[in-house]
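Just below is one structure, and these are the notes that go with it.
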Amino acid sequence: MADILEFLGENPYRIRAYRRVANLITELPEDVEKAFFTKKLHRMSGIGESTLLKIEEFLKTGTVKKYEELRKMVPESLLELLDAPGVGPKTLKIAYEKLGIRTKEEFINALKEGKFNKIRGFGPAKAVKILRGIEIWEKSKERIHLVEAYFMAQEVLEYMKKVKHLIEDVSIAGSLRRRKETIGDIDLLISAKKENWLKIHEHFTKFPGSIEVLAKGETKSSIILESGRQVDLRTVEPSSWGAALQYFTGSKQHNIRIRDIAKEKGLKINEYGVFKADTEEKLGGKTEEEVYNLLGMQWIPPEIREDWGEIELALENKIPRLVEYGDIKGDLHMHTTWSDGVNTLEEMVETAYRLGYQYIVIGDHSQSARVANGLTPDRYRQQWKEIERLNKEYNPKGFYILKGAEVDILPDGSLDLPDDFLRQFDFIVASVHSRFEQDNTERIIRAIENPYVNMIGHPTGKQYGYREGYPVDIKKIIEIARETGTALELNTQRMDLSPENIRMCMEEGAYIGIVTDAHSARQLTLMHLGVGLARRGWATPDKVINTFDLDKLKEFVYSKRKKFAKA
DNA sequence: GCCGTTTTCGGCCCGACTGTTTTCAGTCG
């Protein structure tokens, strides 16, 4: 509705209000229906009388009359173009009203044929720019996976190190810093002395992987990578570092609210600092903490800056202490060349040891995972010998290798290995790898009820960018997991669980485990991204089992066995 | 459309870059 209103040239603040509502309800940890009937929606700032009526209408009739009316007022294929860079509502309106354009194709043709040229303020260079924008947009419509974006950003950062003598500080900003599951473009921020800015942008726009320079200025420039991804660079003075980092990290909705609050307090905030609104006197901006504190709130972790209620909590100093990378004592799920990993057991162990962990769980696939070279009980026993040998070497250094497995949950909910064998492992992950079309709720619940299963691998079956999850009642699974003392896996690469799922776990009091599911030594280093995803779901360290030290983790395993295993 | 320890009406975040302009509109983040 906001898109259509924008096209129609409606009051921009009304449009903003619609967008805010959309943002709030998409990220709700529960059903809109439930939030409506428990009156949670009624209490949310940004949702007013008129929105509540529309939601009620939608819940009763399945549609909203105003939306149906609006839809008739603009061709859908034209509206889609709002997402293309360089195309905004004003341009579309000109196309629609003055040139009679009704579809995306007509729009592109009109640009190519120079039909826009006769319109005031619309020269040929603009047409070229928009056409190029549409081309890039078509190529990179899909947002990319966090992990992929992270590696791209690392390449650019590596390249920028060549001019590090010009730079004070550098950071990733934007949705990548917020650890959003998917990334549209990559934002970098650099602080440096003003006389160096131009040189920094010169260097940046010559990045070898760049195929196009979209903009180049003294404070801001943008390039397009071969993949079609855009990278934006901003430069600021060191004294503005915190304000700029806060600003360029977003989200947009979060920042709008932050500036609202600044205004209420007679302050002005921009990327250069916090100022008194009347006298323009600068009050601060060197660090992010300073910026938030000047607004009367505590620092907000980037991962939760989405205007989902974090601002209200920060004003009351009530943001929970979220799990941090430094809390993580080990990785609970990884593969080696024994099954479908590319690095040997020894290589995985050495890499994990260097990461500073206290323990890891080796979790190679079980026998029925044939394509993944799953292990039979005999091969697990052989692997244990190697693990025992390595433990003799590493235990004196304070590092422990736990015998584990990623056991298949068979279609009937039974496990791929018998109980009397499972009990000989230190830690068991159980996962569904087949029959993705059926409802898997009962199947998983049966696996959770097994006393030797400590964690359910990728519980919803979702694999970002590849596969929708299987049908499953995640709420029910979370409940049973909590009752039985079983953790649910947050799989960094698959991004299963979602932030909404994690919030549900936290609200229910269920445990999660953050894992890399590494199939190579390099992937072991992705843990900090997994921690970021957990933080997006407001995960606290007490509910993350791999923040436990080894003794506590063992206690977690044994207390379930004690409670449920037959004598 | 939403909101209020100045306001129930009149405001609503802020700045950079581009192209087409002689002072600014459109778009973007």
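Going letter by letter, the first sequence gives residues 15 to 581 in my numbering. Virtual Cβ for every residue (Gly too), placed ideally from N, Cα, C.
Cβ neighbour criterion (16 or more within 10 Å) applied to residue i
i      : result
ASP430 : buried
SER448 : exposed
GLY280 : exposed
GLY114 : exposed
VAL443 : buried
HIS56  : exposed
PHE165 : exposed
PRO26  : exposed
ASN131 : exposed
MET87  : exposed
PRO465 : buried
GLN168 : exposed
HIS159 : buried
ASP434 : exposed
ASN454 : buried
PRO315 : buried
LYS642 : The displayed coordinates of the chain run from 15 to 581. Any statement about residue 642 would go beyond what the structure contains.
PRO410 : exposed
ASN123 : exposed
VAL421 : buried
PHE383 : The question names Phe, but residue 383 is Ala in the sequence shown. It counts as buried.
GLY76  : exposed
Residue i and residue j closer than 7 Å at C-beta
i      : j      : result
GLU47  : PRO103 : no
THR219 : SER235 : yes
LEU540 : THR506 : yes
ILE470 : LEU502 : yes
ILE488 : THR474 : yes
LYS214 : THR249 : Note that residue 214 corresponds to Ile in the displayed sequence, not to Lys. Contact: yes.
GLU116 : PRO89  : One point to set straight first is that residue 116 is Arg, not Glu, in the sequence displayed. Result yes, Cβ atoms of ARG116 and PRO89 sit closer than 7 Å.
GLY256 : GLY299 : yes
LEU125 : ILE108 : no
SER241 : GLY287 : no
HIS50  : ILE69  : Looking at the sequence provided, one finds Phe at residue 50 rather than His. Cβ atoms of PHE50 and ILE69: closer than 7 Å.
GLU317 : ARG192 : yes
PHE439 : LYS417 : yes
ARG243 : THR196 : no
ARG273 : ILE283 : yes
HIS542 : TYR408 : no
ILE462 : THR500 : yes
ILE18  : LEU84  : yes
Contacting residues, own chain, Cβ-Cβ under 6 Å from residue i (five flanking each side not counted)
i      : result
PRO555 : VAL337, ASP341 and THR561
ARG460 : GLY427
PRO6   : As displayed, the chain neither begins before 15 nor continues past 581, which places residue 6 out of reach and without an answer.
ASN357 : SER534 and ALA535
THR65  : VAL35
ALA524 : ILE492, ALA495 and ARG496
LYS296 : GLY287 and PHE289
ALA141 : LEU125 and PHE130
GLY527 : LEU346, MET469, ALA501, GLU503, ILE559 and ASN560
Sequence-distant residues of its chain with Cβ nearer than 8 Å to residue i (five each side left out)
i      : result
LEU359 : THR350, THR351, TRP352, ILE376, GLN397, GLU400, ILE401 and LEU404
GLN372 : LYS343, GLY344, GLY412, PHE413, TYR414, ASP563 and LEU564
GLN267 : ARG33, ARG34, ASN37, GLU320 and ASP321
LEU171 : VAL184, ILE186 and LEU202
Same chain, Cβ closer than 7 Å to residue i, neighbours up to 5 away in sequence not counted
i      : result
GLU482 : LYS476
VAL101 : LEU95, ILE144 and GLY147
THR233 : TRP211, ARG248 and THR249
ASP354 : HIS379, ALA386, ASN387 and HIS533
ILE333 : GLN312, ILE314, GLU324 and LEU327
Distance cut-off 6 Å: residue i Cβ against heavy atoms of the ligand MG
i      : result
GLN397 : Annotation note on the ligand MG: not contained in the displayed structure, which lists no ligands.
- prompt: Which parts of the region 295-350 are runs of the beta strand (DSSP E), unbroken and 3 residues or longer, counting only runs that do not cross its ends?
  reply: Secondary structure remark: continuous beta strand (DSSP E) runs of at least 3 residues inside the region 295-350, in chain order: 296-298.
message: Could you check whether the region 199-215 touches the region 544-559, counting it as contact only if at least three pairs of C-beta atoms, one from each stretch, sit closer than 8 Å?
response: no
message: Closer than 8 Å is the cut-off here; do at least three beta carbon pairs connect the region 513-526 with the region 551-559?
response: yes
query: Would the region 178-186 and the region 221-228 be scored as touching if the rule is three or more Cβ pairs under 8 Å?
result: no
message: Would you call the region 304-322 in contact with the region 255-269, where contact means no fewer than 3 C-beta pairs closer than 8 Å?
response: yes
query: Can we say the region 340-351 touches the region 374-381, given the rule of at least three CB pairs closer than 8 Å?
result: In the pairwise beta carbon analysis, the region 340-351 is classified as touching the region 374-381: at least three pairs are separated by under 8 Å.
field: Uninterrupted alpha helix (DSSP H) stretches inside the region 87-138 (no shorter than 4 residues)
entry: You should have 90-93, 103-112 and 118-126.
- prompt: Can we say the region 132-148 touches the region 92-99, given the rule of at least three CB pairs closer than 8 Å?
  reply: yes
message: For a minimum of 3 consecutive residues, which ranges assigned as the beta strand (DSSP E) are wholly contained in the region 363-396?
response: 373-376
field: beta strand (DSSP E) runs wholly inside the region 136-209, at least 3 long, in chain order
entry: 183-187 and 200-205
message: Restricting to runs no shorter than 3 residues, where is the beta strand (DSSP E) found entirely within the region 429-475?
response: 441-445
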